[in-house]
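S.K.: If you scroll down you'll find the structure; I have some questions about it.
Protein chains: 2
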Amino acid sequence: MTHIRTARLSGVGVGPGDPELLTLKAVRLIHGADVVFAPVRRPGDRSLSLEIVAEHVDGRRQRVVTVPFPESQDGESWESAAAHVAEELGTDRHGVFLTEGDPLLFGSFGHVAAIVRTLRPDLEIEIVPGVSSVTAAAAAAGVALADYQDRLAVVPATAPHDQIERALVDFECVVLLKVGRVLGELLALLERLGLVERTVYVRRCGWPDQQVVTDVRALIPSPPRDYFALLIVRRR
Amino acid sequence: MTHIRTARLSGVGVGPGDPELLTLKAVRLIHGADVVFAPVRRPGDRSLSLEIVAEHVDGRRQRVVTVPFPESQDGESWESAAAHVAEELGTDRHGVFLTEGDPLLFGSFGHVAAIVRTLRPDLEIEIVPGVSSVTAAAAAAGVALADYQDRLAVVPATAPHDQIERALVDFECVVLLKVGRVLGELLALLERLGLVERTVYVRRCGWPDQQVVTDVRALIPSPPRDYFALLIVRRR
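Just so you know, the sequences run in chain order V and H. The first sequence maps to residues 3 to 238 in my numbering. The second sequence maps to residues 3 to 238 in my numbering.
Dropping the structure here:
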């Protein structure tokens, strides 16, 4: 009997930075892959997700392909990224597509998967969830996100201010992602809403230079502009 | 030189059901623990989190202690659970406190940790995030939760209907947790808001009897009442 392999793509969440936050399933799939796809923000950049899994990848045995990550939802750039992935897999190769954190929570694997599915309906696609930066930051800060009847909102910090304000007023816990350049404005908003004391700042969660700031008022005079930073606001 | 051990407690997320979704860190800490605390809903119940990690626990070498989980926020019952944990750790034992999913996202380790901290300020407490049922259900269903400017709300299905409705109208994605007995009412609400076609039902995510229902309209005549079930509603 001949065992027929079909091409397969696994979107694998690798957690937020700490290689120990990889799941056993992620490790197994990475070990078994023929091709490891590592997204980068711009061509030539280092891939953070590839750094997280480095010790599980064997460059002599496995092909490592970096995939520049479209910065917008623009269909065309996603299509060329997805076409590249489909082509690398050929008829019988197994690929893992790495994502920092989780593949479907601001991880963009959804875009890749949707287009690959239309290009290559024969291809098996599987998604492996990972530890997200939201829960990892809460763990680093020792702040409970939600319990019992609490509601949690996860909002990109670049959303319109009225949306952010509505979430802050309405939800017991709000996580503001990618605070980067808007941290100063957000701190002013939190001050106005009386929530500064209820806010924690977490930067580069899971990485060796991770920083947790519980006295966020101290950041107001000169707010850092780190892209990989988030705020956790607990109303209670 | 004498190495002095102090008592230590690690709140460890074990993911939503599939033992392969354990993190490497969870496995290491469970292996190294003197005491494994496994929450149960009622005394005598089986512990789901203990089942998830069963192959990593050695009952001859390690003490396994089940901790009945208070069903409310009532301080007294939490205090007796936390006192029990503190007592088991003595002066120099390492304990892991298991939580299905993530310890701080409806995981209730926050309560235990807060009380243990006041009872035993000498004790080191660490929190290890886990894969949450929210992202695991999205992966099982192949539904992207959020990307770019999207906002995600995570709301217990037992929240007041006006709160749920506001989230459904306002957020690009809403995850309704623990739909259990209220599934019928929720489906009626989703029907009224024109969102039934945009909803996926996931039951017992990560367990062998996991079920994903994409045609949720089919559930309306006789809604299942499984406690460990959630709905993902994607407005776009």
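From the three backbone atoms N, C-alpha and C, an ideal C-beta is built for every residue, glycine too. If you're wondering where the values come from, they're calculated on a predicted model, not measured in any experiment.
Please say whether proline 18 of chain V and valine 55 of chain V have beta carbons closer to each other than 9 Å?
M.R.: Cβ atoms of valine 55 of chain V and proline 18 of chain V: not closer than 9 Å.
S.K.: Is proline 21 of chain V close to chain H? Criterion is C-beta to C-beta, closer than 9 Å.
M.R.: Answer yes: the Cβ-Cβ gap between proline 21 of chain V and chain H drops below 9 Å somewhere.
S.K.: When you compare each of H/Pro210, H/Ala148, H/Ala138, H/Asp217 to leucine 179 of chain H by their alpha carbons, which one comes out closest?
M.R.: For the residues H/Pro210, H/Ala148, H/Ala138, H/Asp217, the minimum Cα distance to leucine 179 of chain H belongs to H/Ala138.
S.K.: Can you find a CB in chain V that lies within less than 9 Å of the CB of threonine 25 of chain H?
M.R.: Threonine 25 of chain H counts as touching chain V.
S.K.: Contact between the segment 30 to 49 of chain V and the segment 91 to 103 of chain V: three or more CB pairs below 8 Å?
M.R.: As far as the Cβ criterion goes, the segment 30 to 49 of chain V touches the segment 91 to 103 of chain V, which means the pair count is three or higher.
S.K.: With 16 as the cutoff for other CB atoms within 10 Å, does glutamate 102 of chain H come out buried or exposed?
M.R.: Under this definition glutamate 102 of chain H is a buried residue.
S.K.: Taking C-beta to C-beta, are alanine 231 of chain H and valine 181 of chain H nearer than 9 Å?
M.R.: Yes, these two residues count as a Cβ contact at 9 Å.
S.K.: What does aspartate 36 of chain V touch in chain H if you count any residue whose Cβ is under 7 Å from its own?
M.R.: The premise fails here: aspartate 36 of chain V is roughly 20 Å from chain H at the closest Cβ pair, so nothing lies under 7 Å.
S.K.: Ignoring anything shorter than 3 residues or poking outside the segment 148 to 182 of chain H, list the beta strand (DSSP E) runs there in chain order.
M.R.: Runs of the beta strand (DSSP E) inside the segment 148 to 182 of chain H: 154 to 158, 175 to 179.
S.K.: Tell me the rounded alpha-carbon separation between tyrosine 150 of chain V and arginine 10 of chain V.
M.R.: Rounded to whole angstroms, tyrosine 150 of chain V to arginine 10 of chain V spans 40 Å at the Cα level.
S.K.: State yes or no: is the beta carbon of isoleucine 127 of chain H nearer than 9 Å to at least one beta carbon in chain V?
M.R.: It does: the Cβ of isoleucine 127 of chain H has a partner Cβ on chain V nearer than 9 Å.
S.K.: With a cut-off of 9 Å, does the C-beta of alanine 220 of chain H fall near any C-beta of chain V?
M.R.: Not one chain V Cβ lies under 9 Å of alanine 220 of chain H.
S.K.: Is it true that the CB of alanine 85 of chain V sits closer than 9 Å to the CB of histidine 113 of chain V?
M.R.: No, the pair does not count as a contact, with Cβ atoms beyond the cut-off.
S.K.: What do you reckon, are the CB atoms on leucine 24 of chain V and leucine 154 of chain H nearer than 9 Å?
M.R.: In this structure, leucine 154 of chain H does not lie closer than 9 Å to leucine 24 of chain V by Cβ.
S.K.: I'd like to know if phenylalanine 71 of chain V contacts chain H, where contact means its C-beta is closer than 9 Å to some C-beta of that chain.
M.R.: Phenylalanine 71 of chain V does not count as touching chain H.
S.K.: If we define contact as Cβ-Cβ less than 9 Å, is tyrosine 150 of chain H a contact residue for chain V?
M.R.: Judged by the 9 Å Cβ criterion, tyrosine 150 of chain H is in contact with chain V.
S.K.: Could you give the residue range of the alpha helix (DSSP H) that holds arginine 63 of chain H?
M.R.: That residue, arginine 63 of chain H, is in no alpha helix (DSSP H); it is neither H nor E in DSSP.
S.K.: For the segment 218 to 236 of chain H against the segment 198 to 208 of chain H, do three or more pairs of beta-carbon atoms, one drawn from each stretch, fall closer than 8 Å, so that the two count as touching?
M.R.: The segment 218 to 236 of chain H, when compared against the segment 198 to 208 of chain H, does touch it at the 8 Å Cβ threshold.
S.K.: By DSSP, does serine 12 of chain H sit in helix, in strand, or in coil?
M.R.: In this structure, serine 12 of chain H counts as strand in the three-state DSSP scheme.
S.K.: When the Cα of alanine 141 of chain V is compared with those of H/Arg236, H/Phe111, H/Val214, H/Val184, which residue comes out closest?
M.R.: Checked all of H/Arg236, H/Phe111, H/Val214, H/Val184; the closest Cα to alanine 141 of chain V is H/Phe111.
S.K.: Report the residue from V/Arg200, V/Leu31, V/Ser224 whose alpha carbon sits nearest the alpha carbon of arginine 236 of chain V.
M.R.: Minimum Cα distance to arginine 236 of chain V is reached at V/Arg200.
S.K.: Taking the straight line between their C-alpha atoms, what separation do you get for proline 72 of chain V and leucine 106 of chain V?
M.R.: Whole-angstrom Cα-Cα distance: 16 Å.
S.K.: With 16 as the cutoff for other CB atoms within 10 Å, does aspartate 60 of chain V come out buried or exposed?
M.R.: By the neighbour-count rule (16 or more Cβ atoms within 10 Å), aspartate 60 of chain V is not buried but exposed.
S.K.: Please state the DSSP three-state secondary structure of glycine 186 of chain V.
M.R.: DSSP places glycine 186 of chain V in helix when its eight states are reduced to three.
S.K.: Quick check: the Cα distance between valine 87 of chain V and serine 51 of chain V, rounded to an integer number of angstroms?
M.R.: In a straight line, the C-alpha of valine 87 of chain V is about 17 Å away from that of serine 51 of chain V.
S.K.: Got a sec? Which residues, its chain only, sit under 8 Å from valine 218 of chain H by beta carbon, not counting five neighbours each side?
M.R.: Leu189, Leu192, Val198, Thr201, Val202, Tyr203, Leu233, listed in sequence order.
S.K.: Using the C-alpha atoms, what's the distance from threonine 216 of chain H back to threonine 68 of chain V?
M.R.: Threonine 68 of chain V and threonine 216 of chain H: Cα-Cα distance of roughly 33 Å.
S.K.: Specify, as a first and last residue, the run of the beta strand (DSSP E) that isoleucine 234 of chain V falls within.
M.R.: From DSSP, the beta strand (DSSP E) with isoleucine 234 of chain V extends over 231 to 236.
S.K.: Which value, in whole angstroms, describes the spacing of the CA atoms of arginine 43 of chain V and phenylalanine 99 of chain V?
M.R.: Roughly 14 Å separates the two Cα atoms.
S.K.: Taking a contact to mean a Cβ-Cβ separation below 9 Å, would you say valine 14 of chain H touches valine 130 of chain H in this structure?
M.R.: Result yes, Cβ atoms of valine 14 of chain H and valine 130 of chain H sit closer than 9 Å.
S.K.: Hey, would you say phenylalanine 108 of chain H sits closer than 9 Å to alanine 148 of chain V, going by beta carbons?
M.R.: Yes. Within cutoff.
S.K.: Going by C-alpha distance, which of H/Thr8, H/Asp47, H/His33 is nearest arginine 62 of chain H?
M.R.: Measuring from the Cα of arginine 62 of chain H, the nearest candidate turns out to be H/His33.
S.K.: If I measure Cβ to Cβ from valine 81 of chain V and keep anything under 7 Å in the same chain, skipping five residues before and after, which residues do I get?
M.R.: Correcting the residue type first, residue 81 of chain V is glutamate in the shown sequence and not valine. Within the same chain, glutamate 81 of chain V has close Cβ partners Ile117.
S.K.: Report the neighbours of valine 130 of chain H on chain V: residues whose CB is nearer than 7 Å to its CB, in chain order.
M.R.: Chain V residues near valine 130 of chain H: Ala141.
S.K.: By how many angstroms is the C-alpha of alanine 115 of chain H removed from the C-alpha of isoleucine 127 of chain H?
M.R.: Approximately 7 Å, taken between the alpha carbons.
S.K.: Using 10 angstroms around the beta-carbon of glycine 97 of chain V, count the other beta-carbons present and answer buried if the total reaches 16, otherwise exposed.
M.R.: Glycine 97 of chain V comes out buried.
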